[in-house]
Amino acid sequence: MVARSAGRACGRSRGGILPLGGVAAAGKPGMKRRWTFLGRLQVSRFRGFFMVCGAVALGLAVWLGGGAALQVGKAWLAPVLIKRAWASAVEAGGMPPPPWPWADTRPVLRLSVPRLHVDRYILDGANGRALAFGPVLSNPGGVHVIYGHRDTHFAFLESIRLGDRLLVQTVNGPPVPYRVHEIAVRDEDDIAIVSNGGDAPLVLVTCYPFHALDPTGRLRYVLLAAREHGGPAGLALAR
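Using the UniProt record's numbering, the letters of the sequence shown correspond one by one to residues 1 to 239.
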């Protein structure tokens with residue numbers, strides 16, 4: 001009776017129901033080894049299945065997330081390459097080269113805020129491609145306007161105070177000091193500078209509010225700075 005029970009258990013094992021080792025011990029000794037072999041075979045079959053599923057899942061993750069990973073890599077590496085391009089130009093005394101061979105921009109200014117221990121390299125060309133890698137410079141009407149993203153390169157603007165000193169440096173010259181004398185929030189179409197001559201003002205612009213979830217708002221945070229010893233008397237945001 002015990003042998004027949006073991007046989008029926010073995011028959012069910014061929015159908016995919018694996019017997020417990022205690023039943024085999026009461027039957028033929030060889031059957032335990034056979035069931036163990038079948039169990040290993042079935043586990044191996046499932047192990048291969050899971051490995052294939054894992055490989056497919058990994059491939060999908062790389063395919064779907066590859067673009068994001070590439071952007072993260074660029075965001076990490078770009079400042080290093082931009083700083084290196086600036087340093088090479090300072091050493092050679094010439095125009096900074098593109099930070100990477102296919103870049104359509106180059107660093108043209110260095111902006112520092114001593115109180116906040118902030119250094120930013122300003123890129124040429126006020127376009128979205130350059131803006132992704134750093135603040136960008138525009139010169140409408142001789143006014144130096146620098147744009148930057150509120151959550152990355154220009155996040156420090158939230159900590160700027162009236163009277164703060166800014167240093168602006170070109171590759172071939174010493175740092176030029178500016179003082180912040182006006183801070184305002186304006187609509188993106190309502191930013192105008194009134195200047196009665198003198199040195200070109202420095203204007204820093206980023207999106208506002210700083211921590212808003214919607215990145216498409218129309219408000220802009222505007223900082224106006226005048227060159228030291230020149231004074232801000234003839235320089236102001238238009239009302």
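C-beta atoms are modelled at their ideal positions from N, C-alpha and C, and glycine is treated no differently.
Assign residue i to one of three DSSP states: helix, strand, or coil.
| i | result |
| --- | --- |
| V185 | strand |
| A132 | coil |
| I191 | coil |
| R84 | helix |
| P107 | strand |
| L123 | strand |
| V171 | coil |
| V205 | strand |
| R179 | strand |
| R150 | coil |
| L162 | coil |
| L157 | helix |
| L213 | coil |
| R227 | strand |
| V222 | strand |
| V113 | strand |
| V90 | helix |
| S44 | Its pLDDT being 48, under 50, S44 is placed unreliably by the model, and nothing is read from it. |
| A3 | Annotation note: pLDDT 42 at A3 (below 50); position unreliable, no value reported. |
Among the options, which has the Cα closest to the Cα of residue i?
| i | options | result |
| --- | --- | --- |
| P79 | A103, Y178, Y121 | Y121 |
| R150 | G142, S112, L204 | L204 |
| F133 | P201, I82, E158 | I82 |
| A90 | V171, N127, R84 | The sequence given here has Val at residue 90, not Ala. The candidate whose alpha carbon is nearest that of V90 is V171. |
| residue 240 | W86, F210, L224, F156 | The chain is shown from 1 up to 239; residue 240 falls before or after that span and cannot be answered. |
| V180 | I191, I146, R227, H153 | R227 |
| A192 | L166, Y221, P215 | Y221 |
| L202 | L167, F154, S159 | L167 |
| G142 | A126, A200, L131 | A200 |
Residue i: beta carbon under 6 Å from a heavy atom of the ligand GTP?
| i | result |
| --- | --- |
| V185 | Questions concerning the ligand GTP fall outside what the structure shown contains, since it holds no ligand whatsoever. |
Alpha carbon to alpha carbon, how far is residue i from residue j?
| i | j | result |
| --- | --- | --- |
| V108 | S138 | 11 Å |
| R218 | F210 | 12 Å |
| A92 | I183 | 37 Å |
| V118 | W76 | 17 Å |
| L131 | Y147 | 8 Å |
| V136 | P96 | 15 Å |
| P174 | L123 | 18 Å |
| S112 | R165 | 9 Å |
| R161 | C207 | 17 Å |
| R110 | G128 | 20 Å |
| D104 | P98 | 7 Å |
| H125 | F154 | For the record, residue 125 in the displayed sequence is Gly; it is not His. So the alpha carbons of these two residues sit roughly 17 Å apart. |
| T216 | V185 | 15 Å |
| T152 | E158 | 12 Å |
| H144 | Q169 | 13 Å |
| H229 | G163 | 13 Å |
| L101 | F156 | In the sequence on display, residue 101 carries Pro and not Leu. Each residue's alpha carbon lies about 30 Å from the other. |
| D189 | P140 | 14 Å |
| D214 | D187 | 15 Å |
With a cut-off of 8 Å on the beta carbons, I'd call residue i and residue j a contact; round off their distance for me.
| i | j | result |
| --- | --- | --- |
| A85 | R115 | Not quite, the Cβ-Cβ distance comes to about 27 Å (not below 8 Å), so this is no contact. |
Please decide whether residue i counts as near chain B, where near means a Cβ-Cβ distance under 7 Å.
| i | result |
| --- | --- |
| F210 | No chain B is part of this structure, which consists of one protein chain only. |
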